[in-house]
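Undergrad: Quick note on UniProt numbering: the sequence shown kicks off at 1 and runs consecutively.
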Amino acid sequence: MDAERVRRAFGRADAQLASQEAGQEAAPGGGEGPRAEARRLLREIAERFDARLRLALVGRVSSGKSTLANALLGAGRAPTGALELTFNVTWFRHAETPSLTLHLTDGSPPQRHDPAALERFAVRAREQDPALRELLRRVDHLEIGEPSPALRDYDLADTPGLDSVHGEDSANALRWLGRPPEHVREGTVAHAGRADALIAVFDRGLSHGFAELLRDFAGAGLGAAGPVTTVGALTKVEQYWHATGADPLAEGRRVAESLMEAADARRLLYDIRPVVGLLGAAAATFTEEEHADLTELTKLDSEELRAHVRRVPFFAHRELPGVPLPPARRAALLERFGAYGVWLACELIRQDLTDTAGLRAELLRRSGVEDLRRLLLDHFGNRASLIKLDRAIRETRVLADRLGDAVAPAAAGILRLEFSEHAFRELAVLRDHYAGRLALTPPEVRELLRVTGESGATPAARLGLPEDAPPEALAGRAREGLERWALAAALGEHSGPTRTAAGVIRRSYELLLHELRRGAA
1 MDAERVRRAF GRADAQLASQ EAGQEAAPGG GEGPRAEARR LLREIAERFD ARLRLALVGR
61 VSSGKSTLAN ALLGAGRAPT GALELTFNVT WFRHAETPSL TLHLTDGSPP QRHDPAALER
121 FAVRAREQDP ALRELLRRVD HLEIGEPSPA LRDYDLADTP GLDSVHGEDS ANALRWLGRP
181 PEHVREGTVA HAGRADALIA VFDRGLSHGF AELLRDFAGA GLGAAGPVTT VGALTKVEQY
241 WHATGADPLA EGRRVAESLM EAADARRLLY DIRPVVGLLG AAAATFTEEE HADLTELTKL
301 DSEELRAHVR RVPFFAHREL PGVPLPPARR AALLERFGAY GVWLACELIR QDLTDTAGLR
361 AELLRRSGVE DLRRLLLDHF GNRASLIKLD RAIRETRVLA DRLGDAVAPA AAGILRLEFS
421 EHAFRELAVL RDHYAGRLAL TPPEVRELLR VTGESGATPA ARLGLPEDAP PEALAGRARE
481 GLERWALAAA LGEHSGPTRT AAGVIRRSYE LLLHELRRGA A
């Protein structure tokens, strides 16, 4: 996709509106006229196109979204225990040093605080601090700056939840804040609607009601929802270990695969990945002291430790003869790692994985978080510009419909991008594929996904070759693809939407070959 062409289209629209605005009488009362409003909003849309991709975690209250956010970011900034804070949307953005900003609903300037204030807010909230309650009532969302490598690729929003009905603790916190329950859902939908792509979070404990959850998610009016822009995360799968002793990721994958075949999930989700979010969050941030405590627990044999940690209240609070560590330190490990995480970490240490870096890497892998991160980068990151442009065009169309003649002529050049950019034809074919409208063989499906950027946006990635492949090898592979799909068209091997898809794939190879020739010139 030609990003410069997109920027030029927005620039021309701005210039055209500026010219029209110059000859326009001032708006009554000195307010903002429609063309001035259109210029401002189009500039905001253009800025979002040039910004990092924005992902939002969306699900029900207490489905593990904040814990998953901490795991994905390799940080512990998302509020996970203070209901007074978790009812706010939290946006994470990259910053060289940690920061905390409160954005308020009354239009007053954002308030910047020391990041450590996040925890203090929660403590003071529980102490019923009237001044804090008044502040938290006015918060629209939190913005946390974090030097996380993941945030170089995308901004991440942790939303409160799609629920409008909550448990007793949640209801008490909402009453303290003076917020009706429906505000939680409204805030979630509003901020998730500003995201470019979504991570639908499903709690393992609610997987039996997956169809209902899926309907709830699909009915929330989230414009970005669809297989190109939505993946699922099945959280809290460590409960499978508690129930049966099974490998939680293996069991989680089995459940996720069955869920993808149920309730017409493929119309909304690209895939569902199981994650042990608590373990992933702890693996990224555990200390040397915690490592030493885990090592101390390896003095118990594997089965004895398993029996102890599965009796969570006893392990956390009782004096247990022969068990290393006092109850308070055992409780701290359980809170950070969960029972399965404590047992698994000890098993790995027993297997001589004793260095902190090696243990961290293996725990991350066993948590499923690394797999989810790769999916986010492969499925979203490699198509980030196209996903953002698709959103920009939808927002421009809404703006043009609302303001009519005041903006429609200027917006026309932006809207034409949908027809002039080949990437949009690729996007339409992908949507047909996910909707089950294409009759392609498995190798052809893999080729479709690869050539449209699933494995990377570079010519080498789209051609399935190493990044250091010589230009002649790249050009040869592009010619092979072009000839293969041209022959299929000549022989009439496809019909209907599949025939259209074949033509788009052929054109993708043509453009890749053109790009390679231009680069060699």
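Built from N, CA and C at the ideal position, the CB exists for glycine as well.
What are the start and end residues of the alpha helix (DSSP H) that includes Val342?
TA: In the sequence shown, counting from the first residue as 1, residue 342 sits at position 342. Counting along the chain, the unbroken alpha helix (DSSP H) around Val342 starts and ends at Pro327 to Arg350.
Undergrad: Taking Val228 and Tyr434 to be in contact with their CB atoms under 8 Å, please state how far apart those CB atoms are, rounded to whole angstroms.
TA: For the purposes of this step, residue 228 is taken as residue 228 along the sequence shown, with counting starting at 1. For the purposes of this step, residue 434 is taken as residue 434 along the sequence shown, with counting starting at 1. Contact between Val228 and Tyr434 holds, with the beta-carbon distance rounding to 7 Å and staying under 8 Å.
Undergrad: Let me know the secondary structure DSSP gives Ala250 once reduced to three states.
TA: As a working mapping, residue 250 is identified with position 250 in the sequence shown. The answer is helix: DSSP assigns Ala250 an H, G or I state.
Undergrad: So for Leu320, helix, strand or coil by DSSP?
TA: Stepping through the sequence shown from its first residue, residue 320 is reached at position 320. Leu320 falls in the coil class under three-state DSSP.
Undergrad: Please classify Phe92: does DSSP put it in a helix, a strand, or coil?
TA: One-based indexing of the sequence shown puts residue 92 at position 92. The answer is strand: DSSP assigns Phe92 an E or B state.
Undergrad: Quick check: what's the CA-CA separation for His297 versus Gly322?
TA: Position 297 of the sequence shown, counting from 1, holds the residue named residue 297. Position 322 of the sequence shown, counting from 1, holds the residue named residue 322. Sequence check: residue 297 is Leu here, not His. Going from the Cα of Leu297 to the Cα of Gly322 covers about 10 Å.
Undergrad: Strictly by DSSP, which residues pair up with Ile272?
TA: Counting from 1 along the sequence shown, the entry for residue 272 is found at position 272. Gly232, per the DSSP bridge assignment.
Undergrad: Going by DSSP, what residue range makes up the beta strand (DSSP E) through Thr354?
TA: As a first step, residue 354 is located in the sequence shown; it is residue number 354 there, counting from the start. Counting along the chain, Thr354 falls outside any beta strand (DSSP E), and DSSP gives it neither H nor E.
Undergrad: Using the beta-carbon count (16 or more within 10 Å), is Arg344 buried or exposed?
TA: Indexing the sequence shown from 1 puts residue 344 at position 344. Correcting the residue identity first, residue 344 is Leu in this sequence and not Arg. Leu344 counts as buried, since at least 16 other C-beta atoms from the protein chains shown sit within 10 angstroms of its C-beta.
Undergrad: Cβ atoms of Leu417 and Thr498: under 9 Å apart, would you say?
TA: Numbered from 1 along the sequence shown, position 498 holds the residue referred to as residue 498. Numbered from 1 along the sequence shown, position 417 holds the residue referred to as residue 417. In this structure, Leu417 does not lie closer than 9 Å to Thr498 by Cβ.
Undergrad: Classify Ala384: buried if its beta carbon has 16 or more other beta carbons within 10 angstroms, exposed otherwise.
TA: Position 384 of the sequence shown holds residue 384. Ala384 counts as buried, since at least 16 other C-beta atoms from the protein chains shown sit within 10 angstroms of its C-beta.
Undergrad: Short check: CB of Leu73 to CB of Leu132, under 9 Å?
TA: Taking the sequence shown and counting its residues from 1, one reaches residue 73 at position 73. Taking the sequence shown and counting its residues from 1, one reaches residue 132 at position 132. Not in contact: Leu73 and Leu132 (Cβ atoms no closer than 9 Å).
Undergrad: Could you check where the alpha helix (DSSP H) with Asp14 kicks off and where it finishes?
TA: Translated into positions along the sequence shown, residue 14 becomes position 14. It spans Ala3 to Ala22 - the alpha helix (DSSP H) in which Asp14 sits, taken as one unbroken run.
Undergrad: Hey, would you say Ala38 sits closer than 9 Å to Leu55, going by beta carbons?
TA: Along the sequence shown, one-based indexing puts residue 38 at 38. Along the sequence shown, one-based indexing puts residue 55 at 55. Between Ala38 and Leu55, the C-beta spacing is not below 9 Å.
Undergrad: Enumerate in chain order the residues of its own chain whose CB-to-CB distance from Gly338 is below 7 Å, with the five nearest sequence positions on each side excluded.
TA: Locating residue 338 in the sequence shown gives position 338, counting from the first residue. Around Gly338: Glu238, Leu278 and Leu279.
Undergrad: Taking the C-alpha atoms as reference points, what is the distance between Gly381 and Arg397?
TA: By 1-based counting over the sequence shown, the position of residue 381 is 381. By 1-based counting over the sequence shown, the position of residue 397 is 397. Going from the Cα of Gly381 to the Cα of Arg397 covers about 25 Å.
Undergrad: For Ile45, write down the residues that DSSP places opposite it in a beta bridge.
TA: Mapped onto the sequence shown, residue 45 falls at position 45. Ile45 is not bridged to any residue.
Undergrad: Ile349 and Leu294: beta carbons closer than 9 Å?
TA: As a working note, residue 349 is residue 349 in the sequence shown. As a working note, residue 294 is residue 294 in the sequence shown. Taking 9 Å as the cut-off, the Cβ atoms of Ile349 and Leu294 count as close.
Undergrad: Confirm, please, whether the CB-CB distance from Gly413 to Arg12 is below 9 Å.
TA: Numbered from its first residue, the sequence shown carries residue 12 at position 12. Numbered from its first residue, the sequence shown carries residue 413 at position 413. Taking 9 Å as the Cβ cut-off, Arg12 and Gly413 qualify as a contacting pair.
Undergrad: So Leu440 and Leu448 are supposed to be a Cβ contact under 8 Å. How far apart are they, rounded?
TA: Mapped onto the sequence shown, residue 440 falls at position 440. Mapped onto the sequence shown, residue 448 falls at position 448. At roughly 6 Å, the Cβ-Cβ gap stays under 8 Å, so Leu440 and Leu448 are in contact.
Undergrad: Taking only the alpha-carbon atoms, compute the straight-line gap between Ala9 and Asp196 and give it to the nearest angstrom.
TA: Counted from its first residue, the sequence shown places residue 9 at position 9. Counted from its first residue, the sequence shown places residue 196 at position 196. Going from the Cα of Ala9 to the Cα of Asp196 covers about 20 Å.
Undergrad: With 16 other CB atoms within 10 Å as the buried threshold, where does Leu162 fall?
TA: By one-based count along the sequence shown, residue 162 stands at place 162. So Leu162 counts as buried.
Undergrad: Sort Ser99, Leu234, Val89 and Gly453 by Cα distance to Gly187 and report the nearest one.
TA: Mapped onto the sequence shown, residue 187 falls at position 187. Minimum Cα distance to Gly187 is reached at Val89.
Undergrad: Using only CA atoms, which one of Arg373, Ala262 and Gly145 lies nearest to Ile199?
TA: Stepping through the sequence shown from its first residue, residue 199 is reached at position 199. For Ile199, the nearest C-alpha among the options comes from Arg373.
Undergrad: Determine the burial state of Arg138: buried for a count of at least 16 other Cβ atoms within 10 Å of its Cβ, exposed for fewer.
TA: Residue mapping note: residue 138 aligns to position 138 of the sequence shown, counting from 1. The residue is exposed, with fewer than 16 neighbouring Cβ atoms inside 10 Å.
Undergrad: Take Glu289 as the anchor and find which of Arg394, Leu305 and Arg336 has the nearest alpha-carbon.
TA: As a first step, residue 289 is located in the sequence shown; it is residue number 289 there, counting from the start. Restricting attention to Arg394, Leu305 and Arg336, the CA atom closest to the CA of Glu289 is found in Arg336.
Undergrad: Excluding sequence positions up to five away, which residues of its chain have a Cβ less than 6 Å from the Cβ of Gly481?
TA: Position 481 of the sequence shown holds residue 481. So the list reads Tyr509, once near-sequence residues are dropped.
Undergrad: Would you give the residue range spanned by the beta strand (DSSP E) that Gly145 belongs to?
TA: Looking up residue 145 in the sequence shown gives position 145. Unbroken beta strand (DSSP E) run through Gly145: Val139 to Glu146.
Undergrad: By Cβ distance below 8 Å, which residues in the same chain neighbour Leu415 in space, the five residues on each side in sequence not counted?
TA: What you label residue 415 is simply residue 415 of the sequence shown in a count that begins at 1. Closer than 8 Å at Cβ, skipping near neighbours: Ile393, Thr396, Arg397 and Ala400.
Undergrad: Can you tell which of Pro470, Arg52, Leu268 and Asp378 has its C-alpha closest to the C-alpha of Leu151?
TA: Sequence index remark: in the sequence shown, residue 151 carries index 151 (1-based). Minimum Cα distance to Leu151 is reached at Arg52.
Undergrad: Taking 9 Å as the threshold (C-beta atoms), are Arg60 and Val201 in contact?
TA: On the sequence shown, position 201 is the one that residue 201 refers to. On the sequence shown, position 60 is the one that residue 60 refers to. Yes, the Cβ-Cβ distance between Val201 and Arg60 is below 9 Å.
Undergrad: List the DSSP bridge partners of Arg431.
TA: Here the question's residue 431 lines up with position 431 in the sequence shown. Paired residue(s): none; Arg431 is not in a bridge.
Undergrad: Measuring alpha carbon to alpha carbon, tell me which of Ala411, Val445 and Pro442 ends up nearest Ala46.
TA: Within the sequence shown, numbered from 1, the residue matching residue 46 stands at position 46. The shortest C-alpha separation from Ala46 is found at Ala411.
Undergrad: What do you reckon, are the CB atoms on Glu21 and Gly33 nearer than 9 Å?
TA: Numbered from its first residue, the sequence shown carries residue 21 at position 21. Numbered from its first residue, the sequence shown carries residue 33 at position 33. Yes, Cβ-Cβ distance for Glu21 and Gly33 is below 9 Å.
Undergrad: Output needed for Leu511: all residues of its chain with C-beta closer than 8 Å, excluding positions within five of it in sequence on either side, in chain order.
TA: Indexing the sequence shown from 1 puts residue 511 at position 511. Cβ within range, chain order: His422.
Undergrad: I need the DSSP call for Arg54, collapsed to helix, strand or coil.
TA: In the sequence shown, residue 54 corresponds to position 54, counting from 1. Strand.
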